[in-house]
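S.K.: Before I ask anything, let me first share the structure, which is written out below as structure tokens.
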Amino acid sequence: MIYKLLLLLLLLVNILLSDKKSEVNQKISFDRNNAITDAVALVSPSVVGINVTQLKKQSIDPFFDPFFDSFFKRHHQRTYKIKNLGSGVIISNDGYIVTNSHVVENASEIIVSCVDGKTYEAIIIGIDELTDIALIKVESENDFPYVNLGDSDNLIVGEWVIALGNPLGLFDISNQPTATVGIVSGIGLDFGQKESGKVYQNMLQTDASINSGNSGGPLVNVFGDVIGINTFIMTNSNYNEGSIGIGFAIPINSVKLIVSELKKYGKIERDFITGLHVQRIDRNMQRILKIEGQTGLIITDIDKDSSGEKSGLMIGDVILTVNGKNIGSVSDVIKVINEGLHRVGDFVNLGILRKEKNIDIELELMSKKEGVFY
Numbered sequence: 002m003i004y005k006l007l008l009l010l011l012l013l014v015n016i017l018l019s020d021k022k023s024e025v026n027q028k029i030s031f032d033r034n035n036a037i038t039d040a041v042a043l044v045s046p047s048v049v050g051i052n053v054t055q056l057k058k059q060s061i062d063p064f065f066d067p068f069f070d071s072f073f074k075r076h077h078q079r080t081y082k083i084k085n086l087g088s089g090v091i092i093s094n095d096g097y098i099v100t101n102s103h104v105v106e107n108a109s110e111i112i113v114s115c116v117d118g119k120t121y122e123a124i125i126i127g128i129d130e131l132t133d134i135a136l137i138k139v140e141s142e143n144d145f146p147y148v149n150l151g152d153s154d155n156l157i158v159g160e161w162v163i164a165l166g167n168p169l170g171l172f173d174i175s176n177q178p179t180a181t182v183g184i185v186s187g188i189g190l191d192f193g194q195k196e197s198g199k200v201y202q203n204m205l206q207t208d209a210s211i212n213s214g215n216s217g218g219p220l221v222n223v224f225g226d227v228i229g230i231n232t233f234i235m236t237n238s239n240y241n242e243g244s245i246g247i248g249f250a251i252p253i254n255s256v257k258l259i260v261s262e263l264k265k266y267g268k269i270e271r272d273f274i275t276g277l278h279v280q281r282i283d284r285n286m287q288r289i290l291k292i293e294g295q296t297g298l299i300i301t302d303i304d305k306d307s308s309g310e311k312s313g314l315m316i317g318d319v320i321l322t323v324n325g326k327n328i329g330s331v332s333d334v335i336k337v338i339n340e341g342l343h344r345v346g347d348f349v350n351l352g353i354l355r356k357e358k359n360i361d362i363e364l365e366l367m368s369k370k371e372g373v374f375y
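Quick note, the sequence shown lines up with residues 2 to 375 if you use our numbering.
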């Protein structure tokens, strides 16, 4: 009798332990499968690794002497093939891919690696170097998985985000993008125009780890919506060390606008003119105009039928500001226009001094097919 009771007790204990183990396993499973893992699983099939062969020219002076320039000019530039890598994200079932322009600029060959192990040669649909966005395309008989583009105007500082991509070329080892998790650390950060000529405005900041090769990959929220394109990082030592937790992404709403035009026209039309001929005002002019210490450009001529003429500008007008920013040279004007990401058809506001009176004039940036400052 006692033996049977012991067996029954042991059986009950095993049942209780089994139920407890099952409960623990369910809890572990529940804890492991969360919004972040769901978002990674949703987006990963649409993330690609990009391997690029770029052609770069380098000037060579064989004798380091200007005397030989006229004899050896043809030999001063050599073309080198260099390898570059980056990331991208498929945005449509017919194979359109968004990445950074600095990933694919000057490419002679672009190979895209997908999570199914297949590789494709891509073509460039369009590049906007100013905003660092490129649109490329791959072809297949089958549909490609693609992401949902979210709304970067509806972000909260502190919300969770995930950076996916191809850091250090690891995608080619596993046929899977790597994922790092962080938060939105900041929004609306403006860096102006960099030495490369690129303009980074309204950027998103994240502490999700981003490294070399992540450029062009998606930054997504916990719903799997792409909210930005990972672009650059800040490091401890002139950008040649790893990430220190400060990464930046181009907001997806800006990307949408650029991609739409690249898809239609292959470029963003920024080759504009104004028909204005100007020169810098020197100290003598400042004294005559009674604006000592003020920089600016005086209009010396205006092309007929140009936007400058149509705007009501006159010879002798002094341009003091463009879009509210003081200017002192043509390069200042171009920098302000570029930082505003202006294109043909946009208007800029000029602060004008005319006969000792300050006025504002709106100036249209016209296409050259129909005159930038000279």
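Glycine included, each C-beta is placed from N, C-alpha and C at the ideal position.
Look up S197 in the DSSP assignment and say whether it is helix, strand or coil.
M.R.: Position 196 of the sequence shown, counted from the first residue, corresponds to residue 197. The answer is coil: DSSP assigns S197 none of H, G, I, E or B.
S.K.: Between G96, D95 and V104, which lies nearest to G217 when the distance is taken from Cα to Cα?
M.R.: On the sequence shown, position 216 is the one that residue 217 refers to. Closest option to G217, Cα to Cα, is V104.
S.K.: Give the range of the alpha helix (DSSP H) segment to which L209 is assigned.
M.R.: Position 208 of the sequence shown, counted from the first residue, corresponds to residue 209. With the sequence shown as reference, residue 209 is identified as Ala, and Leu is not the correct amino acid for it. Segment: none, A209 is in no alpha helix (DSSP H) and carries neither H nor E.
S.K.: Taking the alpha carbon of D306 as the point to measure from, which residue in M367, N212 and W161 has its own alpha carbon closest?
M.R.: The sequence position of residue 306 within the sequence shown is 305, counting from 1. Answer by Cα proximity: M367.
S.K.: For R355, does the three-state DSSP call read helix, strand or coil?
M.R.: To locate residue 355, count along the sequence shown from 1; it is residue 354. Strand, per DSSP.
S.K.: Please check the pair V323 and I299, which I expect to be a contact at CB under 8 Å, by giving their CB distance rounded to whole angstroms.
M.R.: In the sequence shown, residue 323 corresponds to position 322, counting from 1. In the sequence shown, residue 299 corresponds to position 298, counting from 1. 14 Å between Cβ atoms; not a contact.
S.K.: Which residues mark the beginning and the end of the alpha helix (DSSP H) in which F224 is found?
M.R.: Within the sequence shown, numbered from 1, the residue matching residue 224 stands at position 223. No alpha helix (DSSP H) holds F224; DSSP gives it neither H nor E.
S.K.: Is the beta carbon of D129 closer than 8 Å to that of K269?
M.R.: Translated into the one-based positions of the sequence shown, residue 269 becomes position 268. Translated into the one-based positions of the sequence shown, residue 129 becomes position 128. Note on residue identity: the sequence assigns Ile, not Lys, to residue 269. It is a contact, given that the beta carbons lie within the stated cut-off.
S.K.: With the cut-off set at 8 Å, would you say S109 and V49 are in Cβ contact?
M.R.: Position 108 of the sequence shown, counted from the first residue, corresponds to residue 109. Position 48 of the sequence shown, counted from the first residue, corresponds to residue 49. Their beta carbons are not under 8 Å apart, which means S109 does not touch V49 by this criterion.
S.K.: Tell me, please, whether the segment 155-167 touches the segment 209-229 by the rule of three or more beta-carbon pairs shorter than 8 Å.
M.R.: Yes: the two stretches touch, three or more of their Cβ pairs being nearer than 8 Å.
S.K.: Report buried or exposed for Y240, applying the criterion of at least 16 other Cβ atoms within 10 angstroms of its Cβ.
M.R.: Here the question's residue 240 lines up with position 239 in the sequence shown. Because the pLDDT at Y240 is just 43, under 50, the model does not fix this residue reliably, and the value given afterwards should be weighed accordingly. Y240 should be labelled exposed.
S.K.: Sort out for me which residues DSSP pairs Q55 with in a bridge.
M.R.: For the purposes of this step, residue 55 is taken as the residue at position 54 of the sequence shown. Answer is I83 and A108, bridged to Q55.
S.K.: What does the alpha-carbon distance come out to for the pair I126 and T100?
M.R.: Position 125 of the sequence shown, counted from the start, is the residue given in the question as residue 126. Position 99 of the sequence shown, counted from the start, is the residue given in the question as residue 100. Spanning the two alpha carbons is a distance of roughly 11 Å.
S.K.: With 16 other CB atoms within 10 Å as the buried threshold, where does I360 fall?
M.R.: On the sequence shown, residue 360 is found 359 positions in, with the first residue counted as 1. Flag for I360 reads exposed.
S.K.: So who's on the other strand from R281, going by DSSP bridges?
M.R.: Within the sequence shown, residue 281 is the residue found at index 280, counting from 1. In DSSP, R281 forms a bridge with L298.
S.K.: Nearest by alpha-carbon distance to F273: which of R344, T232, I251 and V227 is it?
M.R.: In the sequence shown, the residue the question calls residue 273 occupies position 272. Answer by Cα proximity: R344.
S.K.: Would you report the Cα separation of D70 and G87, rounded to the nearest angstrom?
M.R.: Position 69 of the sequence shown holds residue 70. Position 86 of the sequence shown holds residue 87. With a pLDDT of 46 at D70, under the threshold of 50, the modelled position of that residue is not reliable, and the figure given next carries that caveat. Distance between the alpha carbons of D70 and G87 is about 38 Å.
S.K.: Spatial neighbours of L342 within its chain, please: CB distance less than 8 Å, with the 5 preceding and 5 following residues excluded, ordered by chain position.
M.R.: In the sequence shown, residue 342 corresponds to position 341, counting from 1. Cβ neighbours of L342 beyond the five flanking positions: L131, T132, V200 and Q202.
S.K.: Quick one: what's G127 bridged to in DSSP?
M.R.: Along the sequence shown, one-based indexing puts residue 127 at 126. G127 is bridged to L136.
S.K.: Looking only at DSSP bridge pairs, what is V48 linked to?
M.R.: Walking along the sequence shown from the start, residue 48 turns up at place 47. Its beta-bridge partners are V90.
S.K.: How far does the beta strand (DSSP E) with F249 in it extend, from its first residue to its last?
M.R.: Taking the first residue of the sequence shown as 1, we reach residue 249 at position 248. Residues G248 to P252.
S.K.: Compute the beta-carbon to beta-carbon distance between N254 and S153, rounded to the nearest angstrom, for a pair I have assumed lies under 8 Å.
M.R.: Position 253 of the sequence shown holds residue 254. Position 152 of the sequence shown holds residue 153. N254 to S153, Cβ: 5 Å. Contact.
S.K.: For the beta strand (DSSP E) containing V162, list its first residue and its last residue.
M.R.: By one-based count along the sequence shown, residue 162 stands at place 161. From DSSP, the beta strand (DSSP E) with V162 extends over W161 to G166.
S.K.: Please name the residue or residues paired with N350 in a DSSP beta bridge.
M.R.: Position 349 of the sequence shown, counted from the start, is the residue given in the question as residue 350. For N350, which the question treats as bridged, DSSP gives the partners E363.
S.K.: For N186, report the span of its alpha helix (DSSP H) as first-last.
M.R.: Working through the sequence shown from its first residue, we reach residue 186 at position 185. Residue identity check: residue 186 is Ser in the sequence provided, not Asn. Unbroken run through S186 is the beta strand (DSSP E), T179 to L190; no alpha helix (DSSP H).
S.K.: In angstroms, rounded to a whole number, what distance separates the CA positions of K119 and K195?
M.R.: Within the sequence shown, numbered from 1, the residue matching residue 119 stands at position 118. Within the sequence shown, numbered from 1, the residue matching residue 195 stands at position 194. Rounded to whole angstroms, K119 to K195 spans 36 Å at the Cα level.
S.K.: What span of residues does the beta strand (DSSP E) with V319 cover, start to end?
M.R.: Locating residue 319 in the sequence shown gives position 318, counting from the first residue. Looking at the DSSP string, the run of the beta strand (DSSP E) that includes V319 is V319 to V323.
S.K.: Are the beta-carbon atoms of I98 and V90 separated by less than 8 Å?
M.R.: Stepping through the sequence shown from its first residue, residue 98 is reached at position 97. Stepping through the sequence shown from its first residue, residue 90 is reached at position 89. For I98 and V90, yes; Cβs fall inside 8 Å.
S.K.: Look up T100 in the DSSP assignment and give the residues it is bridged to.
M.R.: Here residue 100 is taken as the residue at index 99 of the sequence shown, counted from 1. Paired residues: A135.
S.K.: Determine the closest residue to P252 out of Y147, I137, G151 and S45, with distance taken between C-alpha atoms.
M.R.: In the sequence shown, the residue the question calls residue 252 occupies position 251. Looking at the Cα atoms, G151 is the closest of the given residues.
S.K.: Determine the DSSP secondary structure at S1, reduced to helix, strand or coil.
M.R.: A question about residue 1 goes unanswered here, because the residues of the chain that appear run from 2 up to 375.
S.K.: So, at 6 Å on beta carbons, what are the nonlocal neighbours of D226 in its own chain, with the 5 sequence-adjacent residues on each side left out?
M.R.: Along the sequence shown, read from residue 1 onward, the residue named residue 226 stands at position 225. Answer for D226: N149 and G151, listed in chain order.
S.K.: For Y147, count neighbouring Cβ atoms within 10 angstroms of its own Cβ and tell me buried if that reaches 16, exposed if not.
M.R.: As a working mapping, residue 147 is identified with position 146 in the sequence shown. Looking at its Cβ environment, which holds 16 or more other Cβ atoms inside 10 Å, Y147 is buried.
S.K.: Excluding the 5 residues flanking G214 on each side, which residues of the same chain have their C-beta closer than 7 Å to its C-beta?
M.R.: For the purposes of this step, residue 214 is identified with residue 213 of the sequence shown, where counting begins at 1. Within the same chain, G214 has close Cβ partners L86, G87, S88, G166, N167, P168, L169 and G170.
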